[in-house]
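Novice:
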Amino acid sequence: MKLSKKVVLLGHFGVGKTSLFKRFIDNEFSEEYKVTLGVQIKKKVVILPDGRELSMIIWDAEGHSNSVEDTRKSYLLGSHAFIYVFDLTREDTYIHLNKDLTYLKENYKVPTKVLGNKLDLVNEKEMIAALKSKDIPFDCLTSAKTNKNVQQFFSDLSIEITT
Amino acid sequence: MTIQQIDHLHFNPQLQTLEISYDYEIIETTQTLFNWTKGTSIFDAHPFFQVLQGFEKNDPTIQDGLNFPCIHLTDLVTDRICDISITFNPSEIKIILFDYTLKYKELNQIAQQKNESILIARELELKNKYLLEKEEFKNSFIANINHEIRTPLTAIMGFVEILEKTHLTFEQEELARIIKRESRHLNALIDDMIDISKIESGTLRVVEERFAFLNLVDGFDESYSKIAEEKGLIFETNIEPGIQEYLIGDRTRTYQIINNILNNAFKFTEEGKITLSVTKNYQRTNKLSLNFKIEDTGLGILEEDIPHLFDRFTRFNLDKRITGTGLGLAIVKNLVDLLNGEIKVESKPDKGTTFNIKLPFKFEITKTTPKRKKKNYSLPESSNKYRILVVEDEEITQFLIMKILIATGNFFIDIAINGQDAITYIERRKYDLILMDLNISQLDGYQVTKMIRNNYGDKFISGLPIIGFSGKSDDATKDKCLKSGMDDFIAKPFEQEELLYKIIKQIAKKAAE
Ligand SMILES: Nc1nc2c(ncn2[C@@H]2O[C@H](COP(=O)(O)OP(=O)(O)OP(=O)(O)O)[C@@H](O)[C@H]2O)c(=O)[nH]1
Ligand SMILES: [Mg+2]
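Protein chains in written order, with numbering that gives the first Met the number 0: chain A, 0 to 162; chain B, 0 to 512.
(1) Ends of the alpha helix (DSSP H) at Glu105/A?
(2) Kindly indicate which residue of Ser3/A, Lys4/A, Gly15/A and Val7/A has the alpha-carbon position closest to the one of Thr145/A.
(3) Between Leu36/A and chain B, is any beta-carbon pair separated by less than 7 Å?
(4) Once the 5 residues before and after Ser224/B are set aside, which same chain residues still bring their CB inside 7 Å of it?
(5) Alpha helix (DSSP H) containing Lys147/A: first to last residue?
(6) Distance, Cα to Cα, Ile321/B vs Lys361/B?
(7) Does DSSP put Asp43/B in a helix, in a strand, or in coil?
(8) Measuring from each Cβ to the nearest heavy atom of ligand 2, keep the ones under 5 Å and list them in chain order.
(9) Got a sec, what are the start and stop residues for the alpha helix (DSSP H) Ser78/A sits in?
(10) If we count the other Cβ atoms within 10 Å of its Cβ and call it buried at 16 or more, is His11/A buried or exposed?
(11) Let's see if you can read the secondary structure: which residues bound the alpha helix (DSSP H) around Thr423/B?
(12) What residues from chain B crowd round Arg71/A, counting only those whose CB sits closer than 9 Å?
(13) Give the interface partners of Ser3/A over in chain C, defined as CB-CB distance under 9 Å, in chain order.
(14) List, in chain order, every chain B residue whose beta-carbon is nearer than 9 Å to that of Thr141/A.
(15) List the residues of chain B whose Cβ lies closer than 8 Å to the Cβ of Phe81/A, in chain order.
(16) Between Glu61/A and Leu96/A, is the Cβ-Cβ spacing less than 7 Å?
(17) Mind listing the chain A neighbours of Phe110/B? Cutoff is C-beta to C-beta under 7 Å, in chain order.
(18) How big is the Cα-Cα spacing for Asn285/B and Ile247/B?
(19) Would you say Tyr103/B lies against chain A (beta-carbon separation less than 7 Å)?
(20) Measuring from the CB of Glu160/B, is there a heavy atom of ligand 1 at a distance below 6 Å?
(21) Just tell me which of Leu358/B, Gly408/B, Glu147/B and Asn88/B has its CA closest to the CA of Lys384/B.
(22) If you run the structure through DSSP and keep just helix, strand and coil, what is Pro240/B?
(23) Any heavy atom of ligand 1 inside 6 Å of the beta-carbon of Ala143/A?
(24) Against chain B, does Arg51/A count as a neighbour if the rule is that its beta carbon must be under 7 Å from one of theirs?
(25) Is there a Cβ of chain B sitting closer than 7 Å to that of Lys42/A, yes or no?
(26) Give me the Cβ distance between Val149/A and His79/A, rounded to the nearest whole Å; I'm assuming they're in contact under 8 Å.
(27) If we require 4 or more residues per run, which alpha helix (DSSP H) segments fall completely within the segment 197-277 of chain B?
(28) Taking contact to mean 3 or more Cβ pairs, one atom from each stretch, closer than 8 Å, check whether the segment 213-230 of chain B and the segment 194-204 of chain B are in contact.
(29) Taking C-beta pairs closer than 9 Å, name the residues in chain B that Gly13/A reaches, listed in chain order.
(30) Locate the alpha helix (DSSP H) running through Tyr376/B, then write down its first and last residues.
(31) Using the Cα positions of Asp191/B and Leu338/B, report the straight-line distance between them to the nearest angstrom.
(32) Within the 7 Å Cβ cut-off, does Ile56/A reach chain B?
(33) State the Cα-Cα distance for the pair Ile19/B and Leu76/A, rounded to the nearest angstrom.
(34) Express the C-alpha separation of Ser469/B and Asn438/B in angstroms, rounding to a whole number.
(35) Please go through the same chain and pick out, in chain order, the residues whose beta-carbon is closer than 8 Å to the beta-carbon of Leu378/B, but skip the five residues on each side of it.
(36) Buried or exposed for Asp43/B, going by 16 or more other Cβ atoms inside 10 Å?
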């Protein structure tokens, strides 16, 4: 059977989940903000370093306003990884990050990757220092707008969930 | 059928039912919503269905079925938002799609409005922050570039003055005059820029000093009467009797405000009359408020332009012959605000413009001091020339000062190019005066001055007259100079006359001791 993995994009509204989704799958970006309602799902086939094909089934869920617990439970079923996205320019999108991560860890046995997005709008060095001082963990900082680190992130993720 | 499914039906959604084998092949389907074909893999219909792979047939967690609300399902032709219910039967999987596209689209609008307003507010905040940072950068940039511009400008202005004293043809004289005028204009522009940046960065300080107020107004009368005469205009100043001769306030800024407005009036008036009237608004204990009314019969301003009059770089008159930076009125408005005053404009095109400026002052109730006049000094009689040490590292300024001083025939000049060098010269030779650039290498002007004042038992060295000079012309720099022990300060670019006056004054004072 073909190798396929389900990955869900989670996080506050407006942080750029849909933008990352579109950037990764169609290599497109739009300045216009269109709220996602519910979830949209798309598939992208990636070739792993060992030559295998992986179907990444990406679920782009609607954003929450408060806590990741507000996300519809059924969307999270049967996942192989979560991508928790926050907006580097909006502190309220990562201020409760640690609480959300704990919640996900306690209830689902899949890895969660943390992405700080909209890197193009901030000073990278200052941002990293600020996040460290606030004890905010992250795996990668990206910009869906400029495509910085986006492809690399997904490619690393595809390897991680298949080994 | 479950209760939930009945509930779904109650809202009359369109629905599609499918039966799927455990090989994930479509066994049966209605084609109400999507045109999916029997016998093909459900995974090819839409990647959503790959979620089925996550569950085993006998998984206890799925015995009651699964419900997925609000799923975007698309194929090449259709785009729908559906609730999806999945039941795991022993021999097949049953899927029902409920199409709620319309209901969800309505909901979407509400979420869109709410979320968007929050994002937009944040975006504005960020933009503002960015603009503020840019402003700050700009202001500090202007303050720093000032010095760099002043130095060559000093040289240009100085050399033109020297050039004017050589034998020139009529045409050359005219050209020299233009260079001088344009350099002065450039100098004024830099002053304006610096003022604006100081005002905006909040570093402009208001001083309260006692100054000869009537004298200030007389000054306007004198200089603008001349201009009026040249232009064929009438200029009048009226001062309400009883206004104190001396007031307490910021003389420089008051001068700047009135001068700017008068300047403007003269610029835009070709015929008729310009009047400056000073009246009292009120007087209480030691406070008074004065009104300065400046009326002209010039071009006037269109009504719709008046609100923008005090914006930076606004010039409504596009006549190229009228020069200006467009900063003048913005500065005036800022200065008036800074002094807690008020400014009002009334104007009619082709009739003229009237500015009314209210400014608060204080006055001393008792003392009256006699007028102090600029004293005339002359070099003491001497058979020798005076020896001056110029401490300056910029060649062009060295050269300029040398030319000015040597032209008088009264001075010998030595040049030291840094602080250390200066000390060596002083120990070796007797000087009558030091001209000290503040911004030199090794030891700066202040440090050298302190060393001269403190390190020598020899009174001739420790008492040497020192005049500091710098491209910075603010009060803080001047204060710092005097505090470090210098006798006087002169800002670049200086005019020959002022430089010579200050040098002669210090030498004469020293001789009189
Ligand atoms: N400058 C910049 N803007 C971005 C970036 N990513 C997303 N945006 C903008 O941020 C806004 C929101 O992006 P979306 O991708 O719709 O955000 P979302 O997380 O999907 O939002 P919800 O669906 O409401 O949860 C849009 O206007 C995007 O153009 C980025 O990397 N840089
Ligand atoms: Mg989205």
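From the three backbone atoms N, C-alpha and C, an ideal C-beta is built for every residue, glycine too.
Specialist: The answer reads as follows:
(1) Leu96 to Asn106
(2) Gly15/A
(3) yes
(4) Phe234
(5) Looking at the DSSP string, Lys147/A is not in any alpha helix (DSSP H), and its letter there is neither H nor E.
(6) Residue confidence is low: Ile321/B scores 48 on pLDDT, short of 50, so the model does not pin down where it sits. No coordinate-derived value is stated.
(7) helix
(8) Lys16/A, Thr17/A and Thr35/A
(9) From DSSP, Ser78/A is part of no alpha helix (DSSP H); its letter is neither H nor E.
(10) buried
(11) Gly418 to Arg427
(12) Phe67, Pro68 and Cys69
(13) No chain C is part of this structure, whose protein chains are labelled A and B.
(14) Ordered by position in chain B, no residue passes the 9 Å Cβ test against Thr141/A, which lies about 18 Å from the chain.
(15) Within chain B, no residue comes near Phe81/A; the closest Cβ sits about 14 Å away, beyond 8 Å.
(16) no
(17) The sequence shown places Ala at residue 110/B, rather than the Phe named in the question. Going along chain A in sequence order, the residues near Ala110/B (Cβ under 7 Å) are Val34 and Leu36.
(18) 10 Å
(19) yes
(20) no
(21) Gly408/B
(22) coil
(23) yes
(24) no
(25) yes
(26) Rounded, the Cβ-Cβ distance is 19 Å, inconsistent with contact.
(27) 212-230 and 250-266
(28) no
(29) Asn114, Glu115, Ile117, Leu118 and Arg121
(30) Taken as a continuous stretch (DSSP letters only), Tyr376/B belongs to no alpha helix (DSSP H), as it is neither H nor E.
(31) 17 Å
(32) yes
(33) 20 Å
(34) 7 Å
(35) Tyr385, Asn409, Ile503, Ile506 and Ala507
(36) exposed
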